[in-house]
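The opening residue of the sequence shown carries number 1172 in the working numbering; numbering runs sequentially from there.
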Amino acid sequence: MTELPPAPFRNPRARHGFRARTCSIAGVGSYVPSRVLTNAELEKIVDTTDEWITTRTGIRERRMAAENEATSDMAAKAAIQAMQSAGVTADAIDLIIVATITPDMLFPSVACLVQHKIGARKAAAFDLEAACSGFIYALEVGQQFIMSHTYDTVLVIGAEKLSSIIDWTDRNTCVLFGDGAGAAILQNRPHSHGLLTACMGSDGSKADLLCMPGGGSRIPASPDSVSSRLHYLRMDGRETYKNAVVAMYTAAQEALRRCELTVDRIDCIIPHQANRRIIEAVAERLATPMDKVYVNVDRYGNTSAASVAIALDEAVRSGRIRRGDLLLLLVFGAGLTWGAAVIEW
Ligand code: UT7
1172 MTELPPAPFR
1182 NPRARHGFRA
1192 RTCSIAGVGS
1202 YVPSRVLTNA
1212 ELEKIVDTTD
1222 EWITTRTGIR
1232 ERRMAAENEA
1242 TSDMAAKAAI
1252 QAMQSAGVTA
1262 DAIDLIIVAT
1272 ITPDMLFPSV
1282 ACLVQHKIGA
1292 RKAAAFDLEA
1302 ACSGFIYALE
1312 VGQQFIMSHT
1322 YDTVLVIGAE
1332 KLSSIIDWTD
1342 RNTCVLFGDG
1352 AGAAILQNRP
1362 HSHGLLTACM
1372 GSDGSKADLL
1382 CMPGGGSRIP
1392 ASPDSVSSRL
1402 HYLRMDGRET
1412 YKNAVVAMYT
1422 AAQEALRRCE
1432 LTVDRIDCII
1442 PHQANRRIIE
1452 AVAERLATPM
1462 DKVYVNVDRY
1472 GNTSAASVAI
1482 ALDEAVRSGR
1492 IRRGDLLLLL
1502 VFGAGLTWGA
1512 AVIEW
């Protein structure tokens, strides 16, 4: 294995004299459906205004999947792009992890459907559910397989069709979410230290703040559960907001501490895109100017597990991120769950 040059940060993976194999993001990709749903259109569906949505959330439009387009369809398209950008063929993929809360069906997993769609014949496949935090959770899990030499190539995807669980009569939630997918290929690459650390956390005592109550083993689907609208996403927005700011800030501090980095050393912060005000509040606490923070919530709304993955792909493709840059990824979501990852690109 090629030795990496000494780095101006601490690599938390190199512990007790043992140097685990590093894990880099070798390529990224994303896909969003072509149908754009604007705030003006939402004004015709619920009692809302473009002015309220933009000032309270920063969202101007979001993408909606077609009726016959499911999460696995979007996931596969993002995956193919990531494979092209990494120069990897389907035959090389050892493992597929899909982070999602909107699978095509309860089982089998979206990952298995993607495995078939892209023809990754030798790949193992499973889904991971950590709501909007799913992409960082999946990166961390995928990385473990690379570090341990279990696998050489892991495909990680965040994909959601949130439009399928949105209550279009609830103005508190229906203006916030969108559909899409983002993907990354993980491999050991000699050019970088790659994923340096990922901090993950959870607090199930606040599960009720953001959930979909129906359709699981607690409340299986029934005529009653459908008429009570239990198969839609529900959120206490204000409480979720407060928890999001604190959790993302705290996770960021912990991730930076582990790498012995200060935030001014970070070239680009890619936070979960739920609300521009949340992103600004976290940046303010971190004492970071907004020009260091990648924001696309105005165009896609909150795409849950796909959000950071889509933003990362856009930032790379637009040249906002270059090889050698230090990135800080921040996520927060239902569970509650949260996380932060530091990456040398
Ligand atoms: O991805 C997982 C994490 N998710 C999040 O982080 C989302 C967190 N929450 C938020 O982003 C914000 O809390 C919201 C955007 C959901 C709401 O913003 P807010 O500033 O916290 O507003 P609020 O919930 O305190 O509601 C203020 C008012 C309420 O009216 P009253 O009760 O004060 O008369 C709402 O009924 O705004 C009303 N409202 C709306 N008005 C027009 C709520 N939704 C709308 C709407 N249009 N779409």
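We treat Cβ as the ideally placed atom computed from N, Cα and C, and that holds for glycine.
**Q.** CB contact flag (Met1430, Ala1486, <8 Å)
**A.** Note that residue 1430 corresponds to Cys in the displayed sequence, not to Met. Contact flag unset, no.
(Q) Going by C-alpha to C-alpha distance, which of Ala1295, Ala1309, Gly1490 sits closest to Ala1369? (A) Residue Ala1309 is the option with its Cα nearest to Ala1369.
(Q) Following a CB-centred definition, is Leu1401 positioned closer than 7 Å to any heavy atom of ligand 1? (A) For ligand 1, not one heavy atom lies less than 7 Å from the Cβ of Leu1401.
(Q) Using C-beta distances below 8 Å, list every residue in its chain close to Gly1386, excluding the 5 sequence neighbours before and after it, in chain order. (A) Closer than 8 Å at Cβ, skipping near neighbours: Leu1277, Ala1392, Ser1396, Leu1401, His1402.
Q: From the DSSP output, read off the bridge partner residues of Ala1345.
A: The question names Ala, but residue 1345 in the sequence shown is Cys. Answer is none; Cys1345 lacks a bridge partner.
Q) With a Cβ-Cβ cutoff of 8 Å, do Tyr1420 and Val1466 count as a contact? A) Using a Cβ distance threshold of 8 Å, Tyr1420 and Val1466 do not count as a contacting pair.
Q: Check whether the Cβ of Leu1404 lies closer than 7 Å to any heavy atom of ligand 1, and answer yes or no.
A: A distance criterion of 7 Å places the beta-carbon of Leu1404 beyond contact range of ligand 1, judged by its closest non-hydrogen atom.
Q) In whole angstroms, what is the alpha-carbon distance linking Ser1304 and Val1468? A) If I take the Cα positions, the gap works out to 16 Å.
Q: With a threshold of 7 Å, establish whether the CB of Thr1459 neighbours any heavy atom of ligand 1.
A: Not one heavy atom of ligand 1 sits closer than 7 Å to the Cβ of Thr1459.
Q: May I ask you to check if the CB of Thr1219 is nearer than 7 Å to at least one heavy atom of ligand 1?
A: Correct: Thr1219 has its Cβ closer than 7 Å to ligand 1.
Q: Check whether the Cβ of Val1327 sits closer than 7 Å to any heavy atom of ligand 1, and report yes or no.
A: No, ligand 1 has no heavy atom inside 7 Å of this Cβ.
Q: Rounded to whole angstroms, what's the CA-CA distance from Trp1516 to Ser1195? Just pull it up for me.
A: Looking at the two C-alpha atoms, the distance is approximately 7 Å.
**Q.** Trp1509 versus Lys1332: straight-line alpha-carbon distance, rounded
**A.** Trp1509 and Lys1332 have their C-alpha atoms spaced approximately 21 Å apart.
Q.
Taking 7 Å as the cut-off, is the beta-carbon of Asn1446 closer than that to any non-hydrogen atom of ligand 1?
A. Within the cutoff, so yes.
Q. Sorry if obvious, but does the Cβ on Ser1475 come closer than 7 Å to a heavy atom of ligand 1?
A. Because some heavy atom of ligand 1 lies under 7 Å away, the Cβ of Ser1475 counts as near it: yes.
Q) Grouping DSSP H, G and I as helix and E and B as strand, with all else coil, what is Lys1463? A) It is helical.
Q: Alpha carbon to alpha carbon, how far is Ile1216 from Ser1475? Give it in angstroms, no decimals.
A: Annotation: Ser1475 to Ile1216 spans about 22 Å, alpha carbon to alpha carbon.
**Q.** Contact set for Ala1241: own chain, Cβ-Cβ below 7 Å, skip 5 residues either direction
**A.** Asp1275, Lys1332.
Q: May I ask you to verify whether the segment 1232-1239 touches the segment 1405-1412, counting CB pairs closer than 8 Å and requiring at least 3?
A: Cβ pair count under 8 Å is below three, so no.
(Q) Please classify Met1461 as buried or exposed, where buried requires at least 16 neighbouring CB atoms within 10 angstroms. (A) Exposed, since its Cβ has fewer than 16 Cβ neighbours within 10 Å.
Q. Considering only C-alpha positions, which residue in the set Tyr1322, Ile1230, Glu1300, Val1513 is nearest to Lys1293?
A. Residue Tyr1322 is the option with its Cα nearest to Lys1293.
Q | Ordered list of alpha helix (DSSP H) runs contained in the segment 1226-1293, each at least 4 residues | A | Considered as a whole, the segment 1226-1293 harbours 1242-1257, 1281-1289 as its complete alpha helix (DSSP H) runs of no fewer than 4 residues, in chain order.
Q: Could you tell me whether any non-hydrogen atom of ligand 1 is closer than 7 Å to the CB of Ala1415?
A: In this structure, Ala1415 has its CB closer than 7 Å to one or more heavy atoms of ligand 1.
Q. Considering only residues of the same chain and omitting the five flanking positions on each side of Ser1363, which have a CB-CB separation below 6 Å?
A. Excluding positions up to five away in sequence, the list reads Ser1195, Glu1515.
Q) Does the pairing of the segment 1197-1206 with the segment 1346-1353 give three or more beta-carbon distances under 8 Å? A) Flag = yes, the segment 1197-1206 and the segment 1346-1353 touch.
Q) Comparing the CB of Trp1509 with every heavy atom of ligand 1, is any distance shorter than 7 Å? A) Remark: the C-beta of Trp1509 is outside contact range of ligand 1, defined as less than 7 Å to any heavy atom.
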